[in-house]
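Quick note: the sequence shown uses our numbering, first residue 3, plus one each step. Don't be surprised by glycine CBs; every beta carbon is placed ideally from N, CA and C. Please read all numbers here as calculations on a predicted model, not as lab measurements. First comes the structure, then the notes that go with it.
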Amino acid sequence: MNLIKVTSKPRKCHKCGKTTVVKILYGMPTEEAFKLLEQEKLVIGGCCITEKSPDWACTNCKVEYIKVK
Ligand SMILES: [Zn+2]
3 MNLIKVTSKP RKCHKCGKTT VVKILYGMPT EEAFKLLEQE KLVIGGCCIT EKSPDWACTN
63 CKVEYIKVK
């Protein structure tokens, strides 16, 4: 899986250049989250978050981004 380190949310995907980079949600999705999910403005990352969990993902090419300090 492609994982790119970034210092903030990329405006454009580093790989495909599209503006389809969205936040990855961890835990139980809320009703609001489901709406964003349908619009592809959010992706679900699973129930557990670790230090190595990516923060954002590109819905187009599936590249993931992790925030580094
Ligand atoms: Zn992409």
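By alpha-carbon distance to Ile68, the top candidate from Gly47, Thr61, Cys60 and Ser55 is Ser55.
Val45 is a Cβ neighbour of Ile26, given a cutoff of 7 Å. The shortest CA-to-CA distance from Glu40 to any of Thr21, Pro12, Tyr28 and Thr61 is the one to Thr61.
In the displayed model, Lys37 falls within a helix according to three-state DSSP. Ranked by Cα distance from Lys20, the first of Gly48, Lys64 and Lys71 is Lys64.
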